[in-house]
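All remarks here apply to the structure that follows.
Residue numbers (this note's numbering): 1 to 233.
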């Protein structure tokens, strides 16, 4: 669960450069929200899990930029990115194999007759894959003995609707209601731009992104010379 990067898995399967522009839209919203918090004097407020509002947004923006850099890297970095994809895909297979091992002695769910948080998490994973590619889900489940039957048992529960009712159709309606296609077009055509952050905040974001890159790629990437140092337009 901790090793699989759902974002990387998803963006790899998005058509064209859609993932890049969705990342830009996320970054624009985070910049606007952080700038608003700074203007209102709220950046130092402490959130429930410990960080301040400013620290939380710095981390989130750094992660968005890191994902954008990973999915849109220069050609010379593609071998590094491809290796990261391979490791990520292997983590997904390992997750299914672990679930299959648990299902050898527990039925119909991973820990017996009742749903647990493990089933709730795995339901989200399998549903996300099904929405991207049913064929890919079938192939993944086909590598195990019990997971296909388990998936059907999960979908048959009333609890599953808290996830499965929010598929592609719901997502498209929600995107239209929030004018996402128009915002994406505005970014792509230059009508909308990601607002710049104050210099001190921008420096914190870039440092957080470099740390994320080191964590993400390890010694395989010289982060100092990578696109992690680039700022948003």
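Glycine included, each C-beta is placed from N, C-alpha and C at the ideal position.
Query: On a Cα-Cα basis, can you pick out the residue from 34, 9 and 117 that is closest to residue 58?; Result: 34
Query: Please report the residue range of the alpha helix (DSSP H) in which residue 106 lies.; Result: Per DSSP, residue 106 belongs to no alpha helix (DSSP H) and is neither H nor E.
Query: Would you mind listing the alpha helix (DSSP H) stretches within the segment 92 to 166 that are 4+ residues and don't spill past its ends, in chain order?; Result: 117 to 132, 134 to 141, 147 to 155 and 161 to 164
Query: I'd like the list of long-range same chain contacts for residue 5, defined as Cβ closer than 6 Å, with 5 residues on each side in sequence excluded.; Result: 88
Query: From residue 154 to residue 143, what does the alpha carbon distance come to, in whole angstroms?; Result: 18 Å
Query: If you run the structure through DSSP and keep just helix, strand and coil, what is residue 194?; Result: coil
Query: Find the nearest neighbour of residue 64 within the set 124, 7 and 180, judged by alpha-carbon distance.; Result: 7
Query: Which stretch, first to last residue, makes up the alpha helix (DSSP H) that contains residue 42?; Result: Note, residue 42: premise wrong, no alpha helix (DSSP H); not H, not E.
Query: May I have the straight-line CA-CA distance separating residue 190 from residue 181, to the nearest angstrom?; Result: 14 Å
Query: If I follow the unbroken alpha helix (DSSP H) through residue 186, where does it start and stop?; Result: 180 to 189
Query: Leaving out five residues on either side along the sequence, give the residues of the same chain with a beta carbon under 6 Å from the beta carbon of residue 54.; Result: 43
Query: Beta-carbon within less than 7 Å of residue 106's beta-carbon, same chain only, minus the 5 sequence neighbours each way: which residues are those?; Result: 112
Query: Count the other CB atoms, across all protein chains shown, that sit within 10 Å of the CB of residue 1; report buried if there are 16 or more and exposed otherwise.; Result: exposed
Query: May I have the straight-line CA-CA distance separating residue 74 from residue 103, to the nearest angstrom?; Result: Note that residue 74 scores 49 on pLDDT, short of 50, meaning its location in the model is unreliable; the coordinates nonetheless yield the value given after this. C-alpha separation (whole angstroms): 43 Å.
Query: Looking only at its own chain, which residues have a Cβ that is under 7 Å from the Cβ of residue 118, when we skip the five neighbours before and after it?; Result: 110 and 111
Query: Closest by CA to residue 86, which one among 208, 12, 194 and 138?; Result: 12
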